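S.K.:
Residue numbers (the UniProt record's numbering), protein chains in the order written: chain A, 1 to 284; chain B, 1 to 293.
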């Protein structure tokens with residue numbers, strides 16, 4: 001009996017290790033390629049050898065531009081990615097918290113209407129209205145700007161919904177006590193509700209940062225100037241340039257891919273418990 | 001709304017203003033525009049447009065290529081949803097069971113959540129590189145010449161594989177947290193009643209996970225329909241040609257590259273209806289039928 005349970009434990013671990021390898025091996029291959037000279041990759045493909053070309057590849061990836069304008073260097077794309085990720089997360093949280101506060105804590109005549117107007121946006125992803133959205137941004141003269149990149153992405157109610165759920169779970173006594181003490185709506189929000197929501201804000205920030213950083217279709221349409229490319233937006237062009245060259249620049253392209261992966265993965269791994277909590281609670 | 005809510009009138013309006021104005025400009029306006037232009041035929045030279053009623057829709061219904069893409073989307077969605085759910089469930093059940101290393105396994109499996117779909121597609125392009133890709137070589141040793149971006153079914157295979165790889169972590173996280181929320185008392189009772197592990201899984205754990213499963217089903221369908229755009233676009237390297245594509249990719253190709261605004265809008269509206277139907281289905285199924293707790 002003991003033997004059987006031991007056997008099944010070994011089997012469990014074997015399955016988990018295979019699963020982990022399934023997720024991990026592709027990334028290890030990309031990492032290995034970043035250390036190799038391009039000629040070596042072309043000749044032998046990925047291997048188990050760790051080369052010494054990482055510094056060179058990194059320098060090329062970060063400082064040399066791959067496009068025509070000379071503006072889409074790795075450094076520049078990295079900057080744009082951070083602007084998009086952080087701008088999107090902050091915008092979404094600030095706007096969502098304000099709206100959720102208004103809906104939950106005020107006696108509004110049209111609260112139900114506002115609620116439905118806002119929450120209908122949860123039903124339709126940006127992808128299904130992508131062309132008219134593009135035209136509107138164009139008409140507003142916001143192509144190739146950070147506003148044009150970020151603001152239309154904020155037009156959905158995920159964060160608002162999340163904070164509404166959370167505010168509703170805050171005990172009623174809190175606002176009663178605050179009112180007895182003479183706190184006005186702004187004071188209550190800033191001094192009580194916001195500090196109370198810290199963990200929620202952190203969880204939302206992680207999820208939204210990753211979501212914003214990883215945006216692809218919208219940036220592809222909105223940014224045509226290479227100076228505005230994000231890393232994720234630039235990846236297709238990187239692939240094309242890489243394969244179009246006489247000697248494909250595998251090292252450099254893979255470095256850029258790794259740089260596009262690291263910040264969101266770092267955030268997700270190091271703030272794992274917040275992230276998991278936020279993810280599993282926001283979608284329920 | 002809270003019972004003891006504030007009664008100030010101007011403040012809530014001020015608080016709602018940013019959200020509402022963004023939503024109206026960037027959500028309702030474009031959505032309405034999509035519906036409207038789906039009934040019009042845009043002049044290719046930009047000299048206005050003509051009202052054509054439902055012609056854009058009937059054109060689509062009669063279009064063999066569109067039907068083929070719709071079929072591909074259905075099959076693609078089914079495969080991605082099935083494999084990513086099944087794989088994630090297996091891993092989550094094991095990760096919930098093991099005593100040692102549970103946390104490390106969780107981290108090792110879930111990190112891919114943060115990888116962007118087009119970057120996942122890029123990794124696929126590497127794996128299936130024509131001359132040295134490890135997977136191309138693996139297929140070669142099996143006697144099949146794998147050609148990504150040229151051979152229809154090869155490209156479709158790569159799309160499904162990469163999309164599943166990218167989606168397993170989300171499902172894994174949800175299944176694991178679903179499993180961990182099953183009360184200890186229930187597990188112990190099941191342990192006494194049912195000796196066989198697989199019997200316990202199908203009779204107790206699986207039904208208890210059903211709400212999570214149905215929720216994930218919708219999430220995965222939406223993912224396969226919309227979020228795989230980046231995977232597809234990198235795998236075909238921006239050259240759709242004869243490659244398989246999904247309905248969302250087709251909207252983009254027709255509207256953005258082909259300048260067929262009316263047809264593309266009609267496709268958008270079809271997708272909107274599809275998503276709305278899914279959401280209604282989700283609410284009906286999840287809210288009414290499956291109630292265990």
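C-beta atoms are modelled at their ideal positions from N, C-alpha and C, and glycine is treated no differently.
These figures come from a predicted structure and were not determined experimentally.
Could you tell me whether any Cβ in chain A is nearer than 7 Å to the Cβ of residue 29 of chain B?
M.R.: On the second chain, residue 29 of chain B is found 29 positions in, with the first residue counted as 1. At least one chain A Cβ lies under 7 Å of residue 29 of chain B.
S.K.: Please name the residues in the segment 58–91 of chain A whose beta-carbon is closer than 7 Å to at least one beta-carbon of chain C, in chain order.
M.R.: Of the protein chains in the structure, A and B, none is chain C.
S.K.: Closest Cβ-Cβ distance between residue 272 of chain B and chain A: below 7 Å?
M.R.: Along the second chain, read from residue 1 onward, the residue named residue 272 of chain B stands at position 272. Yes, because at least one Cβ of chain A sits closer than 7 Å to the Cβ of residue 272 of chain B.
S.K.: Under the three-state reduction of DSSP, which class applies to residue 41 of chain B: helix, strand or coil?
M.R.: Along the second chain, one-based indexing puts residue 41 of chain B at 41. Strand at residue 41 of chain B.
S.K.: Find the residues of chain B that neighbour residue 16 of chain A, judging by a C-beta separation of less than 7 Å, and give them in chain order.
M.R.: Taking the first residue of the first chain as 1, we reach residue 16 of chain A at position 16. 91, 94, 95, 98, 105, listed in chain order.
S.K.: Once you ignore the five residues that flank residue 190 of chain B on each side, which residues in its own chain have a CB closer than 7 Å to its CB?
M.R.: For the purposes of this step, residue 190 of chain B is identified with residue 190 of the second chain, where counting begins at 1. Answer for residue 190 of chain B: 200, 204, listed in chain order.
S.K.: Identify whether residue 49 of chain B lies in helix, strand or coil by the three-state DSSP scheme.
M.R.: Locating residue 49 of chain B in the second chain gives position 49, where the first residue counts as 1. Strand, per DSSP.
S.K.: For residue 105 of chain A, count the other beta carbons within 10 Å of its own beta carbon; 16 or more makes it buried, fewer makes it exposed. Which is it?
M.R.: On the first chain, residue 105 of chain A is found 105 positions in, with the first residue counted as 1. Buried, by the Cβ-count rule.
S.K.: Look at residue 279 of chain B and residue 73 of chain B and say whether their C-beta atoms are less than 7 Å apart.
M.R.: Counted from its first residue, the second chain places residue 279 of chain B at position 279. Counted from its first residue, the second chain places residue 73 of chain B at position 73. No, they are not a contact pair.
S.K.: Given this structure, state the Cα-to-Cα distance separating residue 151 of chain B from residue 243 of chain B, to the nearest angstrom.
M.R.: In the second chain, residue 151 of chain B corresponds to position 151, counting from 1. In the second chain, residue 243 of chain B corresponds to position 243, counting from 1. Approximately 7 Å, taken between the alpha carbons.
S.K.: As a quick exercise: from A:260, A:132, A:160, pick the residue whose alpha carbon is nearest that of residue 215 of chain A.
M.R.: Within the first chain, numbered from 1, the residue matching residue 215 of chain A stands at position 215. Measuring from the Cα of residue 215 of chain A, the nearest candidate turns out to be A:260.
S.K.: For residue 60 of chain B, I'd like the list of residues in its chain whose CB is within less than 8 Å of its CB, leaving aside the five on either flank, ordered along the chain.
M.R.: Indexing the second chain from 1 puts residue 60 of chain B at position 60. Contacts found: 66, 263, 266, 267, 270.
S.K.: Which residues in chain B sit within 8 Å of residue 240 of chain A, going by Cβ to Cβ distance?
M.R.: Position 240 of the first chain holds residue 240 of chain A. Simply 237, 238.
S.K.: Ignore the nearest five residues each way along the sequence and tell me which others in residue 292 of chain B's own chain have a CB closer than 8 Å to its CB.
M.R.: For the purposes of this step, residue 292 of chain B is taken as residue 292 along the second chain, with counting starting at 1. For residue 292 of chain B, the predicted model reports a pLDDT of 49, less than 50, meaning its position is unreliable and no value from the coordinates is stated.
S.K.: Give a yes or no on whether 7 Å exceeds the smallest Cβ distance from residue 293 of chain B to chain A.
M.R.: Here the question's residue 293 of chain B lines up with position 293 in the second chain. Only weak support exists for where residue 293 of chain B lies, its pLDDT of 44 falling under 50; the value from the coordinates is given anyway. Answer no: the Cβ-Cβ gap between residue 293 of chain B and chain A never drops below 7 Å.
S.K.: Closer than 6 Å by C-beta to residue 281 of chain A: which residues in its own chain qualify, once you throw out the five before and the five after it? Chain order, please.
M.R.: Within the first chain, the letter at position 281 stands for residue 281 of chain A. If we look at residue 281 of chain A and ignore the five residues flanking it on each side, it has no Cβ neighbours.
S.K.: For residue 19 of chain B, does the count of other Cβ atoms within 10 angstroms reach 16, so buried, or fall short, so exposed?
M.R.: As a working mapping, residue 19 of chain B is identified with position 19 in the second chain. Label assigned to residue 19 of chain B: buried.
S.K.: Buried or exposed: where does residue 164 of chain A fall if 16 or more other Cβ atoms within 10 Å of its Cβ makes it buried?
M.R.: Taking the first residue of the first chain as 1, we reach residue 164 of chain A at position 164. Buried.
S.K.: Name the DSSP beta bridge partners of residue 106 of chain A, please?
M.R.: Numbered from its first residue, the first chain carries residue 106 of chain A at position 106. Paired residues: B:6.
S.K.: Establish whether the CB of residue 224 of chain A and some CB of chain B are separated by less than 7 Å.
M.R.: For the purposes of this step, residue 224 of chain A is taken as the residue at position 224 of the first chain. So no, residue 224 of chain A is outside the interface.
S.K.: For the candidate residues B:251, B:25, B:281, B:259, whose alpha-carbon lies nearest to that of residue 69 of chain B?
M.R.: On the second chain, residue 69 of chain B is found 69 positions in, with the first residue counted as 1. When each option's Cα is compared against that of residue 69 of chain B, the closest is B:251.
S.K.: Kindly indicate which three-state DSSP category residue 222 of chain A falls into: helix, strand or coil?
M.R.: Taking the first residue of the first chain as 1, we reach residue 222 of chain A at position 222. If DSSP states are grouped into helix, strand and coil, residue 222 of chain A belongs with the helices.
S.K.: Measuring CB to CB, does residue 11 of chain B end up less than 7 Å from residue 185 of chain A?
M.R.: Counting from one through the second chain, the residue named residue 11 of chain B turns up at place 11. Counting from one through the first chain, the residue named residue 185 of chain A turns up at place 185. Going by C-beta atoms, residue 11 of chain B is nearer than 7 Å to residue 185 of chain A.
S.K.: Are the segment 199–214 of chain A and the segment 91–110 of chain A in contact at 8 Å, needing three or more beta carbon pairs?
M.R.: Yes, the segment 199–214 of chain A touches the segment 91–110 of chain A.
S.K.: Using a Cβ-Cβ distance under 7 Å, would residue 109 of chain B count as near chain A?
M.R.: If you number the second chain from 1, residue 109 of chain B lands on position 109. Yes, residue 109 of chain B lies at the interface with chain A (some Cβ there is under 7 Å from its Cβ).
S.K.: For a test of the three-state rule: what should DSSP assign to residue 131 of chain B, helix, strand or coil?
M.R.: Sequence index remark: in the second chain, residue 131 of chain B carries index 131 (1-based). Coil at residue 131 of chain B, not helix or strand.
S.K.: Given residue 91 of chain B, which residues of its chain have a CB within under 7 Å of its CB, disregarding the five upstream and five downstream residues?
M.R.: Stepping through the second chain from its first residue, residue 91 of chain B is reached at position 91. Same-chain partners within the cutoff: 109, 172.
S.K.: So residue 36 of chain A and residue 134 of chain B are supposed to be a Cβ contact under 8 Å. How far apart are they, rounded?
M.R.: Translated into positions along the first chain, residue 36 of chain A becomes position 36. Translated into positions along the second chain, residue 134 of chain B becomes position 134. That belief does not hold up - the Cβ atoms of residue 36 of chain A and residue 134 of chain B are roughly 14 Å apart, past 8 Å.
S.K.: So, is residue 109 of chain A buried or exposed, given that buried needs 16 or more other C-beta atoms within 10 angstroms?
M.R.: To locate residue 109 of chain A, count along the first chain from 1; it is residue 109. Result: exposed.
S.K.: So which of A:115, A:130, A:194, A:181 has the shortest CA-CA distance to residue 161 of chain A?
M.R.: The residue given as residue 161 of chain A occupies position 161 in the first chain. Per the Cα distances, A:115.
S.K.: Could you check where the alpha helix (DSSP H) with residue 130 of chain A kicks off and where it finishes?
M.R.: Position 130 of the first chain, counting from 1, holds the residue named residue 130 of chain A. Looking at the DSSP string, the run of the alpha helix (DSSP H) that includes residue 130 of chain A is 130–139.
S.K.: Around the C-beta of residue 100 of chain B, are 16 or more other C-beta atoms found within 10 angstroms, so that it is buried, or is it exposed?
M.R.: Along the second chain, one-based indexing puts residue 100 of chain B at 100. It counts as exposed.
S.K.: Does the beta carbon of residue 127 of chain A sit closer than 7 Å to a beta carbon anywhere in chain B?
M.R.: Here the question's residue 127 of chain A lines up with position 127 in the first chain. Yes, its Cβ sits closer than 7 Å to a Cβ of chain B.
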